[in-house]
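Some notes on the structure that comes next.
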Amino acid sequence: MADKAATLTYDNKSIDLPVLAGSVGPDVIDIRKLYGQTGAFTYDPGYKSTASCESALTYIDGDEGVLLHRGYPIGQLAEHSSFMEVSYLLLNGELPSKDELDDFTYTISRHTMLHEQLATFYRGFRRDAHPMAIMCGVVGALSAFYHDSTDISDPEQRKIASHRLIAKMPTIAAMAFKYSVGQPFLYPDNSLSYTGNFLRMTFGVPAEPYEVVPAVERAMDRIFILHADHEQNASTSTVRLAGSSGANPFACIAAGIACLWGPAHGGANEAALNMLREIGTPDKIPHYIERAKDKNDPFRLMGFGHRVYKNYDPRATVMQKTVREVFDALKVNDPLFETALRLEELALKDDYFIEKKLFPNVDFYSGVILSAIGFPTTMFTALFALARTVGWVAQWNEMISDPGQVIGRPRQLYTGPTERDYVPVDKR
Ligand code: ACO
Numbered sequence: 001m002a003d004k005a006a007t008l009t010y011d012n013k014s015i016d017l018p019v020l021a022g023s024v025g026p027d028v029i030d031i032r033k034l035y036g037q038t039g040a041f042t043y044d045p046g047y048k049s050t051a052s053c054e055s056a057l058t059y060i061d062g063d064e065g066v067l068l069h070r071g072y073p074i075g076q077l078a079e080h081s082s083f084m085e086v087s088y089l090l091l092n093g094e095l096p097s098k099d100e101l102d103d104f105t106y107t108i109s110r111h112t113m114l115h116e117q118l119a120t121f122y123r124g125f126r127r128d129a130h131p132m133a134i135m136c137g138v139v140g141a142l143s144a145f146y147h148d149s150t151d152i153s154d155p156e157q158r159k160i161a162s163h164r165l166i167a168k169m170p171t172i173a174a175m176a177f178k179y180s181v182g183q184p185f186l187y188p189d190n191s192l193s194y195t196g197n198f199l200r201m202t203f204g205v206p207a208e209p210y211e212v213v214p215a216v217e218r219a220m221d222r223i224f225i226l227h228a229d230h231e232q233n234a235s236t237s238t239v240r241l242a243g244s245s246g247a248n249p250f251a252c253i254a255a256g257i258a259c260l261w262g263p264a265h266g267g268a269n270e271a272a273l274n275m276l277r278e279i280g281t282p283d284k285i286p287h288y289i290e291r292a293k294d295k296n297d298p299f300r301l302m303g304f305g306h307r308v309y310k311n312y313d314p315r316a317t318v319m320q321k322t323v324r325e326v327f328d329a330l331k332v333n334d335p336l337f338e339t340a341l342r343l344e345e346l347a348l349k350d351d352y353f354i355e356k357k358l359f360p361n362v363d364f365y366s367g368v369i370l371s372a373i374g375f376p377t378t379m380f381t382a383l384f385a386l387a388r389t390v391g392w393v394a395q396w397n398e399m400i401s402d403p404g405q406v407i408g409r410p411r412q413l414y415t416g417p418t419e420r421d422y423v424p425v426d427k428r
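Residue 351 in this note's numbering sits at position 351 of the sequence shown; the count goes up by one each step and never skips.
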C-alpha cells in the first residue's frame with residue numbers, strides 16, 4: 001500500500017482516496033469506499049481505467065510492448081522454456097527444479113484420458129459443429145464427471161481440477177477435430193510430450209504410426225506458451241467473475257471458452273487468416289487498408305490493434321519468426337505469409353495506424369502457422385483455449401486463495417424509466 005492519496009471533490013465535499021502501488025506499473029486509486037462516502041458510482045464500461053483485481057501472475061506494459069509471466073519476459077520463455085514449464089511457473093510462482101518439472105509433467109500426463117462416457121457427448125453434436133461450441137459443452141460437462149475435484153474450498157481439490165483441465169484440454173480439442181472430419185478418436189499416448197501427444201491425437205490415425213516432426217512440435221509448444229496467460233483479458237475476467245460466485249472450476253473454464261470465442265478476442269486468429277485469404281495478393285492491400293480506415297465500413301484489419309498494447313505485441317514478434325521455422329521444417333511456402341508481411345509493412349507506414357497506435361497482435365501471424373501445420377481455421381480458437389486454460393486456472397486459483405475475495409458484482413448507470421404504475425392490457 002502506498003502512502004499517497006488522491007483527493008476527489010464531489011458535491012462540494014472533498015474525500016481522500018487511498019492509492020495502492022503494485023511492484024511495477026501504474027498506481028491504482030482505491031475507490032472501494034467511494035459509494036459509502038459520496039453516494040456515487042464510477043463509470044467505466046470497458047474497464048479501460050479499472051483494475052478489477054490484484055494479481056501476481058502476469059504483467060503487461062502496453063506502451064513498451066512488454067509481457068512478463070511471474071517476472072520472466074515472454075521472449076525468453078518462448079525461446080528457452082516449454083509449455084509444461086511455463087504452466088508450472090504460472091501455477092506455482094517459480095520456475096521448477098528438474099525434479100519438480102519431471103514430477104509435474106508426469107502428473108499432467110496421468111490425467112490426459114477422458115471418462116469414456118464423455119466420448120458419447122460428441123455424438124450429440126452435428127458433424128459441422130464449431131470446435132468451440134463442442135469445447136464449451138464438453139468442458140462444462142466435466143463438472144458432472146469429476147465430483148471429487150469440485151469442492152473449491154479444498155486446495156487439494158482445486159489443484160487436481162487444475163491439473164485435469166490442463167491435461168484433458170488437448171484430448172478434448174483433438175476429439176473435436178476428429179469428430180468434424182469423421183475419423184476415430186485417438187487415445188492419448190503418454191510416452192509423448194504434452195504437445196507431441198496433442199499433434200498425434202489430432203493428425204494421427206489408428207491405421208498407421210504417427211511421427212511427430214520435432215520442429216512442428218517445438219513451434220506448437222511455443223504457440224501454447226505465447227497464449228498461456230495474458231493478465232485480465234475478457235475471457236480471464238469472465239473466468240474470475242464466474243468463479244467469484246463459487247461456481248465449480250469446470251463450469252468457470254467453460255464460461256471463459258465462451259468469451260474467448262468472440263472475434264474481438266480469441267476468434268481474431270480465425271478472422272485474421274480469413275481476411276488474408278480474402279485479400280489474397282499484395283496488390284489488393286491498399287484497397288483493404290482504405291476500407292479499414294473508412295468509418296462507414298465495418299471492415300477492420302483483423303490481427304491488428306489491442307486494448308493494452310500500443311506498441312508491437314511481443315508475442316507477434318515470436319510468431320513471425322516461428323512462421324519461417326515451420327515453413328522450413330514442412331517445406332511449404334504459403335504466399336499468404338508474404339501478403340501478411342506486406343500488409344504489416346504498409347499499415348505501419350500509414351498515418352491512421354500510426355496515430356491510433358495499431359500494431360500486429362499475436363493473432364496476425366498465428367493463422368498462417370497453424371494453417372501450414374494442417375489445422376482448419378475453425379480449430380484456431382480451440383488451440384488458443386487449450387493453451388489459455390493454464391492461465392485461466394492459475395488466475396482462478398489465485399482468486400479463490402485470496403482471503404479477501406468477494407463475489408464480483410458491478411453497478412450500473414441506470415437510464416430506463418423511473419417508477420410507474422402497471423396498466424392492464426385492455427387500457428393500453
Ligand atoms: N482496424 C482498423 N481500425 C481499428 C482497428 C483495426 N484492427 N483496431 C482499432 N481500430 C480503430 C478503431 O476504429 C478506433 O478508431 P476511433 O478512435 O476513430 O473510433 C480506434 O482504433 C480504437 O479502437 P477501439 O476499438 O476503440 O479500441 P479497443 O481497445 O476497444 O479495441 C480491439 C481493441 C478490439 C482488439 C481492436 O483493436 C480490434 O477490433 N482489432 C481487431 C480484432 C483483433 O485483432 N483482436 C485480437 C485482439 S488480441 C487477442 O484477443 C488475443
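The C-beta atom is built at its ideal place from N, Cα and C for all residues, glycine as well. Please read these numbers as outputs of a predicted model, since none were measured by experiment.
Within 8 Å, strictly: CB atoms of residue i and residue j
{"i": "residue 188", "j": "residue 113", "result": "yes"}
{"i": "residue 216", "j": "residue 326", "result": "yes"}
{"i": "residue 165", "j": "residue 141", "result": "no"}
{"i": "residue 169", "j": "residue 373", "result": "no"}
{"i": "residue 60", "j": "residue 84", "result": "no"}
{"i": "residue 371", "j": "residue 250", "result": "no"}
{"i": "residue 64", "j": "residue 311", "result": "yes"}
{"i": "residue 362", "j": "residue 300", "result": "no"}
{"i": "residue 122", "j": "residue 175", "result": "yes"}
{"i": "residue 253", "j": "residue 389", "result": "yes"}
{"i": "residue 304", "j": "residue 347", "result": "yes"}
{"i": "residue 177", "j": "residue 379", "result": "yes"}
{"i": "residue 381", "j": "residue 260", "result": "yes"}
{"i": "residue 4", "j": "residue 27", "result": "yes"}
{"i": "residue 57", "j": "residue 90", "result": "yes"}
{"i": "residue 62", "j": "residue 393", "result": "no"}
{"i": "residue 173", "j": "residue 383", "result": "yes"}
Among the options, the one whose alpha carbon lies nearest that of residue i
{"i": "residue 413", "options": "44, 107 and 329", "result": "44"}
{"i": "residue 67", "options": "230, 321 and 87", "result": "230"}
{"i": "residue 160", "options": "147, 171, 170 and 172", "result": "147"}
{"i": "residue 267", "options": "404, 52 and 132", "result": "132"}
{"i": "residue 342", "options": "316, 282, 182 and 144", "result": "282"}
{"i": "residue 351", "options": "395, 290 and 33", "result": "290"}
{"i": "residue 111", "options": "310, 162, 75 and 285", "result": "162"}
{"i": "residue 55", "options": "20, 33 and 64", "result": "20"}
{"i": "residue 385", "options": "234, 179, 420 and 411", "result": "234"}
{"i": "residue 155", "options": "96, 227 and 399", "result": "399"}
{"i": "residue 227", "options": "402, 171, 423 and 78", "result": "78"}
{"i": "residue 401", "options": "29, 18, 138 and 153", "result": "153"}
{"i": "residue 319", "options": "212, 391 and 222", "result": "222"}
{"i": "residue 395", "options": "420, 358, 34 and 237", "result": "237"}
{"i": "residue 358", "options": "422, 292, 330 and 329", "result": "292"}
{"i": "residue 127", "options": "76, 181 and 96", "result": "181"}
{"i": "residue 183", "options": "207, 99 and 191", "result": "207"}
{"i": "residue 298", "options": "288, 330 and 306", "result": "288"}
{"i": "residue 330", "options": "218, 278, 205 and 32", "result": "218"}
{"i": "residue 138", "options": "421, 403 and 257", "result": "257"}
{"i": "residue 18", "options": "32, 24 and 425", "result": "32"}
{"i": "residue 306", "options": "349, 353 and 345", "result": "353"}
{"i": "residue 225", "options": "239, 75 and 191", "result": "75"}
{"i": "residue 69", "options": "105, 53 and 92", "result": "92"}
{"i": "residue 280", "options": "313, 317, 334 and 295", "result": "334"}
{"i": "residue 29", "options": "51, 23 and 35", "result": "51"}
{"i": "residue 130", "options": "211, 241, 377 and 171", "result": "377"}
{"i": "residue 344", "options": "286, 99, 328 and 145", "result": "286"}
{"i": "residue 204", "options": "185, 191, 411 and 214", "result": "185"}
{"i": "residue 53", "options": "22, 73 and 360", "result": "22"}
{"i": "residue 199", "options": "6, 190 and 212", "result": "212"}
- For the stretch 212-244, which segments carrying the beta strand (DSSP E) assignment without a break, of at least 3 residues, lie completely within its bounds, in sequence order? none
- Message: Contact between the stretch 395-412 and the stretch 232-248 is defined here as three or more beta-carbon pairs at a separation below 8 Å; is this criterion met?
- Response: Between the stretch 395-412 and the stretch 232-248 there are three or more C-beta pairs closer than 8 Å, enough to call the two in contact.
- Item | Contact between the stretch 189-196 and the stretch 332-346 (3+ Cβ pairs under 8 Å) | no
- Query: If we count Cβ pairs, one from each stretch, closer than 8 Å, do we get three or more for the stretch 38-52 versus the stretch 3-14?
  - Reply: yes
- Task: Note down, one range per segment and in chain order, each alpha helix (DSSP H) of at least 4 residues found wholly within the stretch 64-151.
- Result: 74-80, 83-92, 98-109, 116-122 and 131-141
- With a cut-off of 8 Å, do at least 3 Cβ pairs link the stretch 259-274 to the stretch 363-373? yes
- Item | Start-end ranges of the alpha helix (DSSP H) lying completely within the stretch 273-303, minimum 4 residues | 285-293
- Query: Taking only runs of the alpha helix (DSSP H) that begin and end inside the stretch 340-407, which ones reach a length of at least 4 residues, in chain order?
  - Reply: 351-355, 363-373 and 380-401
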